[in-house]
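In my numbering, the protein residues as written are 158 to 393.
C-beta: ideal position from N, C-alpha, C; glycine also.
For clarity, every value in this text was computed on a predicted model and none was experimentally measured.
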């Protein structure tokens, strides 16, 4: 009888340990997710508290993105004690880059169709960015391409996939969180214009799980914003 009780006790200990490990994984990952999405909520918290930091406007996203990405990568390495490959930061294969270029070609073909046959009305978001100094717009383009992929694609998709055991849940959660601020800033028409690029980015990550390839595609998608920017400064 005592042997059976001892055997039962031994079986429950691994289960209890697994439960504690799962809870720890959830707790650590949730902290990481808060850091990853901090460029979305920290500026709003700053505004709500009336704190003046000396920078603002669209270009301030460069600062928030850099800080959040640096803290997040340190968090992965030092707190989670995992390699950056665990969030998709690995050397791209030639196939990964080929997929990025294929998807960029599809995106540009769609842009041509939209701009030729269904041109959207001017929006305040694009006008705001175009009015910034060209150097600031270049900074925005590079910052978004590099750091947004780390913050809004690599880390949340990989950790949510691990936590839930379902990759589709990770995409279902992260895609709306990425899309919503763009709709607010650029307007609803962004969904069928530049928003198609977001679909391309998620398809690319689902296919390759490689952030540098996504960074390349994101950079190519964002570069055309230089056209109205240069036109504004030359024409103005």
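Shown here, residue 236 sits in a helix according to DSSP, grouped into three states.
Our two residues, residue 211 and residue 188, have alpha carbons roughly 27 Å apart in a direct line. Counting only residues of its own chain and dropping the five nearest sequence neighbours on each side, residue 309 has a CB closer than 6 Å to the CB of 335. For residue 288, the closest C-alpha among the options 177, 390 and 181 is that of 390. DSSP places residue 280 in no alpha helix (DSSP H); its state is neither H nor E. Comparing alpha carbon positions, the residue from 364, 292 and 284 closest to residue 311 is 364. By the 16-neighbour rule on beta-carbons within 10 angstroms, residue 386 is buried. Within its own chain, the residues whose Cβ lies closer than 7 Å to the Cβ of residue 306, once the five positions on either side in sequence are excluded, are 368, 371, 372 and 375, listed in chain order. Rounded to whole angstroms, the Cβ separation of residue 293 and residue 379 is 14 Å, and the two are not in contact under 8 Å.
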